[in-house]
Amino acid sequence: MLAPTARPWTAAQHTALVALCRQYHVARLWLFGSALTPRFDPARSDFDFVVELFDVLEADGFRPDMLLLGVELEAVFGRSVDLLTSWPIRNPYLRAEVEKTRTLIYDATREKVFS
20 MLAPTARPWT AAQHTALVAL CRQYHVARLW LFGSALTPRF DPARSDFDFV VELFDVLEAD
80 GFRPDMLLLG VELEAVFGRS VDLLTSWPIR NPYLRAEVEK TRTLIYDATR EKVFS
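Here the sequence shown is numbered in our numbering, starting from 20 and rising by one per residue.
This is the structure in structure tokens:
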């Protein structure tokens, strides 16, 4: 869980994030990467998310409206967003980075929203 002072976005952006998660039937959403480290540069860094969706229809975990979710997240945060599915990440370096730094920020399955 992120400490309130560590959250790299505003309360209004957080509210919008929660609304998007509900709109796009997100089960869980994790933030990972530089946004959670001292390397984060508010002027240039992107946000990296791993998303687990309810009712996934495609065999690879992708759902067509994930593209819309990514676009809307970019609009909310005013920065580039990388959105990965929670399906197995094949690249071992990326998988290690995700496992090392990910932080759960939304969990609809427990009806919890983390700040």
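C-beta atoms are modelled at their ideal positions from N, C-alpha and C, and glycine is treated no differently.
Endpoints, beta strand (DSSP E) assigned at Leu50: Unbroken beta strand (DSSP E) run through Leu50: Val45 to Phe51.
In three-state DSSP terms, what is Thr128? Residue state for Thr128 is assigned as helix, using DSSP reduced to three classes.
Would you say the beta carbon of Arg41 is closer than 6 Å to some non-hydrogen atom of the ligand NAD? As presented, the structure is devoid of all ligands, the ligand NAD included, so that no description of it is given.
Taking buried to mean at least 16 other C-beta atoms within 10 Å of its own C-beta, is Thr24 buried or exposed? Residue confidence for Thr24 is low, a pLDDT of 43 falling below 50, so the modelled location carries little weight and cannot support an answer.
Starting from Thr104, trace the beta strand (DSSP E) in both directions and tell me its first and last residue. Annotation: the continuous beta strand (DSSP E) that includes Thr104 extends over Val100 to Thr104.
Does Ala94 pass the burial test, meaning 16 or more other C-beta atoms within 10 Å, or should it be called exposed? A residue is called buried when at least 16 other Cβ atoms come within 10 angstroms of its Cβ; Ala94 does not meet this threshold and is exposed.
Identify the continuous alpha helix (DSSP H) that holds Phe96 and give its terminal residues. Run containing Phe96: Met85 to Phe96, per the alpha helix (DSSP H) assignment.
Of the residues Leu103, Val117, Arg129 and Phe73, the one placed nearest Gln42, counting alpha carbons only: That would be Phe73, whose Cα lies nearest to the Cα of Gln42.
Which value, in whole angstroms, describes the spacing of the CA atoms of Asn110 and Gln32? Distance between the alpha carbons of Asn110 and Gln32 is about 31 Å.
If you measure between the beta carbons of Val69 and Leu103, is that distance less than 7 Å? Going by C-beta atoms, Val69 is nearer than 7 Å to Leu103.
Along the beta strand (DSSP E) that carries Leu72, what are the first and last residues, could you check? For Leu72, the uninterrupted beta strand (DSSP E) run begins and ends at Phe66 to Leu72, by DSSP.
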